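> The structure follows.
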Ligand code: ZN
Ligand code: MN
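Residue numbers (the working numbering): 144 to 286.
What follows is the structure, encoded as structure tokens:
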């Protein structure tokens, strides 16, 4: 059985993207990660193994993966985007203490989209919603 990483590699290759060890490592890291890493976190995780890796290389590859539809970018301003290789519909909860971002499953909240369409006249294409709070670890520390 082909793994998700192999499938993604095949998809990139068939659109003419050359595979390098660094590119593969970044892709694999994203596909196996559930932490929604930033470019800098990916760089720090992989640089011990790939000493010639640069932050610019990580950025360029992330852009390539996003453009290829393999990874979703969650933007928060210029440098702090997080990257998610789980393309399924799901929501995120973010800890205001440590920045941890976790997935949670919930049916898409269509009522908000409908209310927005009525209220603004927009032809709604989607929405993004994030839950903020303290993760269990941070909540414990504050007790
Ligand atoms: Zn936390
Ligand atoms: Mn996610």
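Glycine is no exception: its CB is placed at the ideal position from the N, C-alpha and C atoms. Remember, predicted model here, so these are calculated numbers, not experimental data.
From the DSSP output, in three-state form, read off residue 174 for me.
Reduced to three states, the DSSP call for residue 174 is helix.
> Can you tell which of 202, 250, 213, 273 has the C-alpha that lies nearest to the C-alpha of residue 158?
When each option's Cα is compared against that of residue 158, the closest is 213.
> Indicate the three-state DSSP secondary structure (helix, strand or coil) for residue 257 in the structure shown.
If DSSP states are grouped into helix, strand and coil, residue 257 belongs with the helices.
> Just checking, does the region 225-232 make contact with the region 187-197 on the three C-beta pairs under 8 Å criterion?
These segments do not touch.
> Using CA atoms only, rank isn't needed, just tell me which of 247, 202, 211, 173 is closest to residue 221.
The residue with the shortest Cα to Cα distance from residue 221 is 202.
> Helix, strand or coil: which one does DSSP assign to residue 234?
DSSP places residue 234 in strand when its eight states are reduced to three.
> For the region 234-253 against the region 270-281, are there 3 or more C-beta pairs whose distance is under 8 Å?
Touching, yes.
> If we require 4 or more residues per run, which alpha helix (DSSP H) segments fall completely within the region 153-210?
Listed in chain order, the complete alpha helix (DSSP H) runs (minimum 4 residues) inside the region 153-210 are 164-175, 182-189, 198-210.
> Please classify residue 179 as buried or exposed, where buried requires at least 16 neighbouring CB atoms within 10 angstroms.
Classification of residue 179: buried, given that the 10 Å Cβ count is 16 or more.
> With burial defined as no fewer than 16 other Cβ atoms inside 10 Å of the residue's Cβ, what is the status of residue 255: buried or exposed?
It is exposed - the Cβ of residue 255 has fewer than 16 other Cβ atoms within 10 Å.
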